[in-house]
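Presented below is the structure to which this report refers.
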Ligand code: SAH
């Protein structure tokens, strides 16, 4: 990643550290519209200065070590014209960067489009700091994609103009509506809802036909995105925007036949927002399964996975792997740690000799298969008790190696030992609940209306109760298993759905079933 890394090399010797500012586009709101470069910047940032409108699902990509700061709304900065919010933010960036920090200025959409970039940049340049721009998907492009609209077309639209509708009354002289109305193309009107009558009226006066198609996209990429077809005449009459939540963008004249048909067919969880609390890097399966049913999944990791507490012990166990009858993996993390340690030792699959491999569930066995190992046993009941049933009688007085988290349930090792087997356990990774959630994440969650939260282990249940408090009582809670549900109940939370099978599909099915059962009950 050339943009965020090597260029940060600090000056040699005792010279003071020099920070740098990255102006990063966050896209319209949906985290899967972040660029890879933006994600990398967020991962490495010491501090992220963001706007109020950057949603929590995007802020969740900021590494736990990175601190979040909301950009000033004006008047709090230093230097000339600091009452301008852009300039005030620019001075804030300078103050942070001169301390040697990697500062990310995260802006909705693209940082160069209606984003006060010039004002924010001026102090940074004046201070002689390094800076860089990372582009983002601007609202016009995201809105066109959401509505299924071509912004240009060989036949009807040979240009695309980005224009502000804000202050249309004041800008009347400065925006040349006569020229705009003559352009054979699409207008994307940013900040256009408040003064829709003024600018739409000006375009009509300048000669654009009243039946020019218009598409309003409200909160594009957010869980409550709405796409509303209209016409220039109706806009000039003020017939738009009453129930149109900000931010919204108006596309005028875009080739419109496609507009009426939503790009994606609704699924059983359409318009449902679901929090996924699994650790970063392990949420993808669940997020994809939810999105496939129409839900908007939001990643909110509550637990962090870290390296093994004693890497030497893990390496020693793996070097002796061929002495075991069974090697048992209690999670995908265990497989990841096993495979990376094996490779780090310069060994391959032959290291396990004739040992057989067992996985607690299908996701874990799939991870083994992805790494080139065949899994010999996956219990029907995908939890410790099931694994015990499946393995207990396979050998007499067998030798078992258990790769597990640094803490967890003891049912499996205790049961195997009780059956006369020899069991070695090694912690393949650490699993730590987050100490706290940034207030900005919590405030963001409060702003978007969560329908469901998924809880996929007892440890995550504990963390959720501590970190989310009363919010948990306001959302519907989906639990992966009876073990997880028991932990929730101990904290006074009764799950609204529990997976029949403790798998991703089982969990999603439980949410769909509970959602259908609850349809019509008003929530
Ligand atoms: N830099 C941003 C634009 C900021 S100006 C970008 O490139 O998209 C703010 C305006 O952008 C809003 O008034 C609205 O018109 C538009 N906008 C930003 N995010 C939006 C979203 N998620 N959905 C619809 N419009 C959005």
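Residue numbers (the numbering used here): 273 to 795.
In this text, a Cβ means the ideal position worked out from N, Cα and C, and glycines have one as well.
- [ ] Compute the distance between the beta-carbons of residue 739 and residue 708, then report whether it is under 8 angstroms.
- [x] By one-based count along the chain shown, residue 739 stands at place 467. By one-based count along the chain shown, residue 708 stands at place 436. Cβ atoms of residue 739 and residue 708: closer than 8 angstroms.
Task: Distance between residue 755 and residue 215 (C-alpha atoms, nearest Å) - done: Examination of residue 215 is not possible in this model, given that the chain is present from 273 through 795 alone.
Open item on the list: Within a Cβ cutoff of 6 angstroms, which residues of the same chain sit near residue 763, ignoring the five residues on either side of it in sequence?
Closed with: For the purposes of this step, residue 763 is taken as the residue at position 491 of the chain shown. Once the five neighbours on either side are set aside, the close Cβ partners of residue 763 are 737.
Open item on the list: Does the beta-carbon of residue 494, which I'm using as the reference point, lie nearer than 7 angstroms to any heavy atom of ligand 1?
Closed with: Numbered from its first residue, the chain shown carries residue 494 at position 222. Yes - ligand 1 has a heavy atom lying nearer than 7 angstroms to the Cβ of residue 494.
Task: residue 500 (DSSP reduced to helix, strand or coil) - done: Translated into positions along the chain shown, residue 500 becomes position 228. Here residue 500 sits in strand by DSSP.
Open item on the list: Can you look up residue 577 in the DSSP assignment and give me helix, strand or coil?
Closed with: Numbered from its first residue, the chain shown carries residue 577 at position 305. It is a strand residue.
Task: Sufficient close CB pairs (3 or more, under 8 angstroms) joining the region 379-387 to the region 403-415 - done: yes
Open item on the list: For residue 429 and residue 492, what's the separation of their Cα atoms in angstroms?
Closed with: The sequence position of residue 429 within the chain shown is 157, counting from 1. The sequence position of residue 492 within the chain shown is 220, counting from 1. Their backbone Cα atoms lie some 23 angstroms apart in a straight line.
Task: Sheet register partners of residue 598 (DSSP bridge) - done: By one-based count along the chain shown, residue 598 stands at place 326. Bridge partners of residue 598: 628, 672.
Task: Residue closest to residue 461, alpha-carbon to alpha-carbon, out of 439, 418, 482 - done: As a first step, residue 461 is located in the chain shown; it is residue number 189 there, counting from the start. Closest option to residue 461, Cα to Cα, is 439.
Open item on the list: If you reduce the DSSP assignment to three classes, tell me which class residue 342 lands in.
Closed with: Walking along the chain shown from the start, residue 342 turns up at place 70. If DSSP states are grouped into helix, strand and coil, residue 342 belongs with the strands.
- [ ] Could you please give the first and the last residue of the uninterrupted alpha helix (DSSP H) stretch that includes residue 637?
- [x] Position 365 of the chain shown, counting from 1, holds the residue named residue 637. Residues 634-642.
Task: 7 angstroms Cβ shell around residue 447 - same chain, five flanking residues per side excluded - done: Your numbering for residue 447 matches position 175 in the chain shown. Cβ neighbours of residue 447 beyond the five flanking positions: 435.
TODO: Could you name the residues of the same chain whose beta carbon sits closer than 7 angstroms to that of residue 385, not counting the 5 residues immediately before and after it, in chain order?
DONE: Taking the chain shown and counting its residues from 1, one reaches residue 385 at position 113. Cβ within range, chain order: 410, 434.
Task: Rounded separation between residue 332 and residue 665 - CA only - done: Along the chain shown, one-based indexing puts residue 332 at 60. Along the chain shown, one-based indexing puts residue 665 at 393. The straight-line gap from Cα to Cα measures roughly 45 angstroms.
Task: Residue interval of the beta strand (DSSP E) (run including residue 683) - done: Within the chain shown, numbered from 1, the residue matching residue 683 stands at position 411. No beta strand (DSSP E) holds residue 683; the alpha helix (DSSP H) holding it covers 683-690.
Open item on the list: Let's test the definition: count the other Cβ atoms within 10 Å of the Cβ of residue 510 and tell me whether it reaches 16, buried, or not, exposed.
Closed with: Sequence index remark: in the chain shown, residue 510 carries index 238 (1-based). Exposed is the call here.
Open item on the list: Tell me which residue opens and which closes the alpha helix (DSSP H) that residue 713 is part of.
Closed with: Counted from its first residue, the chain shown places residue 713 at position 441. Its alpha helix (DSSP H) spans residues 711-720.
Task: Own chain residues within Cβ distance below 6 angstroms of residue 667, not counting five before or after - done: Stepping through the chain shown from its first residue, residue 667 is reached at position 395. The answer, listed in chain order, is 597.
Task: Spatial neighbours of residue 346 in its chain, beta-carbon cut-off 7 angstroms, leaving aside the 5 residues before and after - done: Position 74 of the chain shown holds residue 346. A caution first: residue 346 carries a pLDDT of 48, below 50, which makes its placement in the model unreliable, though a value can still be read off. For residue 346, where only same-chain residues beyond five positions count, the Cβ hits under 7 angstroms are 355, 356, 357, 360.
Open item on the list: Below 7 angstroms, is the gap between the Cβ of residue 433 and the nearest heavy atom of ligand 1?
Closed with: Here the question's residue 433 lines up with position 161 in the chain shown. False, no ligand heavy atom lies under 7 angstroms from that Cβ.
Open item on the list: Between which residues of its own chain and residue 550 is the CB-CB distance below 6 angstroms, once the five residues before and five after are set aside?
Closed with: In the chain shown, counting from the first residue as 1, residue 550 sits at position 278. Here the set comprises 728.
Task: Whole-angstrom distance between residue 504 and residue 417, CA atom to CA atom - done: Position 145 of the chain shown holds residue 417. Position 232 of the chain shown holds residue 504. Spanning the two alpha carbons is a distance of roughly 21 angstroms.
Open item on the list: Helix, strand or coil for residue 521? Go by DSSP, reduced to three states.
Closed with: Counting from one through the chain shown, the residue named residue 521 turns up at place 249. If DSSP states are grouped into helix, strand and coil, residue 521 belongs with the strands.
Task: beta strand (DSSP E) segment containing residue 485, residue limits - done: Taking the first residue of the chain shown as 1, we reach residue 485 at position 213. Counting along the chain, the beta strand (DSSP E) containing residue 485 begins and ends at 485-490.
Open item on the list: Starting from residue 384, trace the alpha helix (DSSP H) in both directions and tell me its first and last residue.
Closed with: Taking the chain shown and counting its residues from 1, one reaches residue 384 at position 112. Looking at the DSSP string, residue 384 is not in any alpha helix (DSSP H), and its letter there is neither H nor E.
- [ ] From the DSSP output, in three-state form, read off residue 448 for me.
- [x] Against the chain shown, residue 448 aligns to sequence position 176. Three-state DSSP puts residue 448 in coil, outside helix and strand.
TODO: Just grab the DSSP bridge partners of residue 696 for me.
DONE: Looking up residue 696 in the chain shown gives position 424. The partner list for residue 696 (beta bridge, DSSP) reads 673.
Task: Distance, residue 646 Cα to residue 579 Cα - done: Walking along the chain shown from the start, residue 579 turns up at place 307. Walking along the chain shown from the start, residue 646 turns up at place 374. If I take the Cα positions, the gap works out to 25 angstroms.
Open item on the list: For residue 474 and residue 465, I'd like the C-alpha separation in whole angstroms.
Closed with: Within the chain shown, numbered from 1, the residue matching residue 474 stands at position 202. Within the chain shown, numbered from 1, the residue matching residue 465 stands at position 193. Cα-Cα distance, rounded: 14 angstroms.
Open item on the list: Taking 7 angstroms as the cut-off, is the C-beta of residue 501 nearer than that to any heavy atom in ligand 1?
Closed with: Translated into positions along the chain shown, residue 501 becomes position 229. Checking the Cβ of residue 501 against ligand 1 gives no.
Open item on the list: Between the region 683-697 and the region 564-576, can you find at least three pairs of beta-carbon atoms closer than 8 angstroms?
Closed with: no
Open item on the list: Considering only heavy atoms of ligand 1, does any lie closer than 7 angstroms to the CB of residue 295?
Closed with: The sequence position of residue 295 within the chain shown is 23, counting from 1. Result no, Cβ not under 7 angstroms from ligand 1.
Open item on the list: Do residue 400 and residue 431 have their beta-carbon atoms positioned less than 8 angstroms apart in this structure?
Closed with: The sequence position of residue 431 within the chain shown is 159, counting from 1. The sequence position of residue 400 within the chain shown is 128, counting from 1. No, the Cβ-Cβ distance between residue 431 and residue 400 is not below 8 angstroms.
- [ ] Please find out if some non-hydrogen atom of ligand 1 comes closer than 7 angstroms to the beta-carbon of residue 462.
- [x] Taking the chain shown and counting its residues from 1, one reaches residue 462 at position 190. Correct: residue 462 has its Cβ closer than 7 angstroms to ligand 1.
TODO: Compute every distance between the C-beta of residue 410 and the non-hydrogen atoms of ligand 1, then say whether any falls below 7 angstroms.
DONE: Locating residue 410 in the chain shown gives position 138, where the first residue counts as 1. Correct: residue 410 has its Cβ closer than 7 angstroms to ligand 1.
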